[in-house]
Each structure stands twice: as structure tokens, then as C-alpha cells.
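The sequence shown maps to residues 280 to 387 in this note's numbering.
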Amino acid sequence: MSNRPTIVCLCGSTRFFRAFEDANLRETLEGKIVLSLGSTGQSDAEIFAGWPEERVLETLQKLAELHFEKIRLADEILVLNVGGYVGQSTRAEIKFAQGLGKKVRWLE
């Protein structure tokens with residue numbers, strides 16, 4: 280049996296960047312290893328300004344795949360369902376986590 284801290288992956292809409300920051304701090308202070316967005320809080324339009332559409336789509340796909348790998352590494356996910364909102368991508372992440380037998384927790 281491992282004594283390592285619980286690993287939690289934060290899942291939710293990137294529009295709730297502040298909720299990701301808050302949850303990251305809260306979970307870290309509770310002694311958990313937190314896997315979260317690789318984000319600066321900027322919108323996709325800001326991040327990918329001037330990029331060709333094909334490159335944007337490829338990058339977004341790679342980021343989605345990377346997030347699924349974070350879920351695979353985690354012991355549990357925390358769904359940041361601010362105001363009850365759960366988008367299509369987040370629903371897919373929840374289904375993936377459940378399929379792996381991961382614990383699913385909800386912010387709200």
C-alpha cells in the first residue's frame with residue numbers, strides 16, 4: 280500500500296478559470312497532488328491569435344488527449360460544475376473517469 284498523497288484531476292469548463300485556481304489551492308492545502316489545466320487564464324482566441332485554423336484544431340485535440348492522460352494518472356476527479364454547468368467535454372471526461380473506476384467528486 281502506498282503512502283503517497285491522493286492525486287486529483289480538476290475537470291470543468293475553461294471559462295471557470297478562477298474556480299480552477301481556487302480548487303487547485305484548496306486541494307493542495309488538503310495535501311493532494313493536483314492535476315489541472317495548462318492555462319494562463321486567457322481565452323482560446325487570445326492564445327491562438329494568428330494561428331492557422333488547422334494548427335489550432337490539432338493543438339486543441341492534443342490538449343484534450345493530454346487531459347485524458349491526467350485523468351488516467353489521477354485517483355479521482357473533481358468536477359468544477361460552477362452554477363451546475365457541465366459541458367460536453369466535461370461529460371466525456373466524467374464518463375472516461377467512471378470507466379476507469381475513478382472516484383468522481385463535484386464542486387456543487
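Even glycine gets a Cβ: it sits at the ideal position worked out from N, Cα and C.
To which residues does DSSP link residue i through a beta bridge?
i	result
residue 355	287, 382
residue 361	According to DSSP, residue 361 bridges with nothing at all.
residue 312	286
Measure the C-alpha to C-alpha separation of residue i and residue j and round it to an integer number of angstroms.
i	j	result
residue 283	residue 331	43 Å
residue 303	residue 341	22 Å
residue 318	residue 325	12 Å
From the DSSP output, in three-state form, read off residue i for me.
i	result
residue 322	coil
residue 387	coil
residue 292	coil
Assuming contact is defined by CB atoms lying nearer than 8 Å, are residue i and residue j in contact in what I supplied?
i	j	result
residue 352	residue 286	yes
residue 349	residue 308	no
residue 355	residue 381	yes
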